[in-house]
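Q: Just so we're aligned: 392 in the numbering used here is position 61 of the sequence shown, and the numbers increase by one with no gaps anywhere. Every residue, glycine too, gets a C-beta built ideally from N, C-alpha and C. Keep in mind the model is a prediction, meaning the values are calculated, not measured.
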Amino acid sequence: MSPSEAAKLIPELIRRREEEEEKQITRFQLSNKSLSALCDREIITSNFMESLSSEILEHGWCCFQVTSSSYGFLKLATAQNFRRFNSEKLSEYI
332 MSPSEAAKLI PELIRRREEE EEKQITRFQL SNKSLSALCD REIITSNFME
382 SLSSEILEHG WCCFQVTSSS YGFLKLATAQ NFRRFNSEKL SEYI
């Protein structure tokens, strides 16, 4: 499965899970093993993850590495609501 196909599949699976649970999912983690199984790939390469991260943005999700063996997924709308800081304000604490 290509990163583009995976970027379509993962949000669709989460949408189905939301319907089943009747609860919105805004964040989740997938282990390397689970991601490999979902994407039907023996190895998840850094190139694959880089492409998946770019592609999945178009489907409203952010993807990032959490540990050496897991990845986090966050709904883009949730991330856009995060509190913002700038370097000027933060440098006051240096």
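Does the Cβ of Ile-387 have 16 or more other Cβ atoms within 10 Å, making it buried, or fewer, making it exposed?
A: Taking the sequence shown and counting its residues from 1, one reaches residue 387 at position 56. By the neighbour-count definition (other C-beta atoms within 10 Å, threshold 16), Ile-387 is a buried residue.
Q: Report back the beta-carbon spacing between Ile-341 and Arg-348 to the nearest angstrom; my notes put them in contact at under 8 Å.
A: What you label residue 341 is simply residue 10 of the sequence shown in a count that begins at 1. What you label residue 348 is simply residue 17 of the sequence shown in a count that begins at 1. No, Ile-341 and Arg-348 are not in contact; Cβ-Cβ is about 11 Å, not under 8 Å.
Q: Thinking just about the alpha-carbon of each residue, which of Arg-346, Lys-354, Gln-360, Ala-337 is nearest to the one in Leu-405?
A: To locate residue 405, count along the sequence shown from 1; it is residue 74. Nearest C-alpha to Leu-405: Gln-360.
Q: Assign Tyr-424 to buried or exposed, taking buried as 16 or more other Cβ atoms, counted over all protein chains shown, within 10 Å of its Cβ.
A: Translated into the one-based positions of the sequence shown, residue 424 becomes position 93. Burial state of Tyr-424 is exposed, judged by a 10 Å Cβ sphere holding fewer than 16 other Cβ atoms.
Q: Could you check how far apart the C-beta atoms of Ser-400 and Ser-367 are, in whole angstroms? I think they sit under 8 Å.
A: As a working note, residue 400 is residue 69 in the sequence shown. As a working note, residue 367 is residue 36 in the sequence shown. The Cβ separation is near 11 Å, so there is no contact.
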